[in-house]
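Have a look at the structure below before the remarks.
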């Protein structure tokens, strides 16, 4: 792993416990940490969140539990309030941590707390031309789209996606693309299935370990499918609007 995030390291450790050929030093310190990763990678998001809470109680100064908790809450459950709580708790002992500030920005943005989201993201430091910049661009895209600046948000998301291609990071490409698809679906889902198919084509080519790192991507796409988009709402309102326009004569 090259410059891995805390999230990637911990998931790789989980994989190493199941495949002895994967040589990753393990620093799992308690049963709740192990349980949290087991539940997360098995797709039991609520149980993972509970395990992370217990883990954080045992290790209140570690950055790992709040990073994982905020990620699972936001990416897998779409729970901005829980994501915000984990991020803020983690920042008490890990002030200035870029991952937590980014996750807090995302958590605030999906709750509509857009000023707070931008404030948190402005704290994040990143190296240009790296995955750090791509993540920052995608989060800026999210904030812009939630603020109503649709074209600017799309431009920022596309910059993140293009940078992922440039640095040859298909994991980041899938994640940024899935998040962009989710945001677009809030407005219109006309092209969602073709876009999702393109994302899953890349996802399906990955090995099992890479897919374990990306198990939020299918969840994000399914959430996009279940969203009631603005175009759906307008279409449903059409019948009522037509009735209002026709006053009975006679």
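Residue numbers (the working numbering): 132 to 381.
Note that beta-carbon positions come from the ideal geometry of N, C-alpha and C, so glycine has one too.
Segments assigned alpha helix (DSSP H), at least 4 residues, entirely inside the stretch 201-282 = List check, alpha helix (DSSP H) in window: 211-224, 229-241, 245-254, 262-277.
Pick from 336, 168, 172: whose alpha carbon is nearest that of residue 184?
-> Checking every option, the nearest Cα to that of residue 184 belongs to 168.
Residues of its chain near residue 245, where Cβ-Cβ distance is below 7 Å and the 5 sequence neighbours each way are ignored = Once the five neighbours on either side are set aside, the close Cβ partners of residue 245 are 274, 277, 278.
Near residue 321, what residues of its chain come up, given a Cβ to Cβ distance below 8 Å and the 5 sequence neighbours on each side ignored?
-> If the five residues before and after residue 321 are omitted, its C-beta is found closer than 8 Å to the C-beta atoms of 362, all from its own chain and listed in chain order.
Name the two residues that bound the continuous alpha helix (DSSP H) containing residue 339.
-> Where residue 339 is concerned, the enclosing alpha helix (DSSP H) stretches over 339-344.
Apart from the five residues on each side of it in sequence, which residues of its chain come closer than 6 Å, Cβ to Cβ, to residue 257?
-> Contacts found: 263, 264, 267.
Minimum C-alpha distance to residue 287 - residue among 328, 201, 310, 318 = Nearest option by C-alpha distance: 310.
Taking 8 Å as the threshold, find out whether the stretch 296-315 comes into contact with the stretch 350-361 through three or more Cβ pairs.
-> Verdict: yes, contact present.
First through last residue of the alpha helix (DSSP H) which encompasses residue 192 | Here residue 192 belongs to no alpha helix (DSSP H), and DSSP marks it neither H nor E.
Apply the 10 Å Cβ neighbour rule to residue 270 and answer buried if 16 or more other Cβ atoms are within range, or exposed otherwise.
-> By the 10 Å Cβ count, residue 270 comes out buried.
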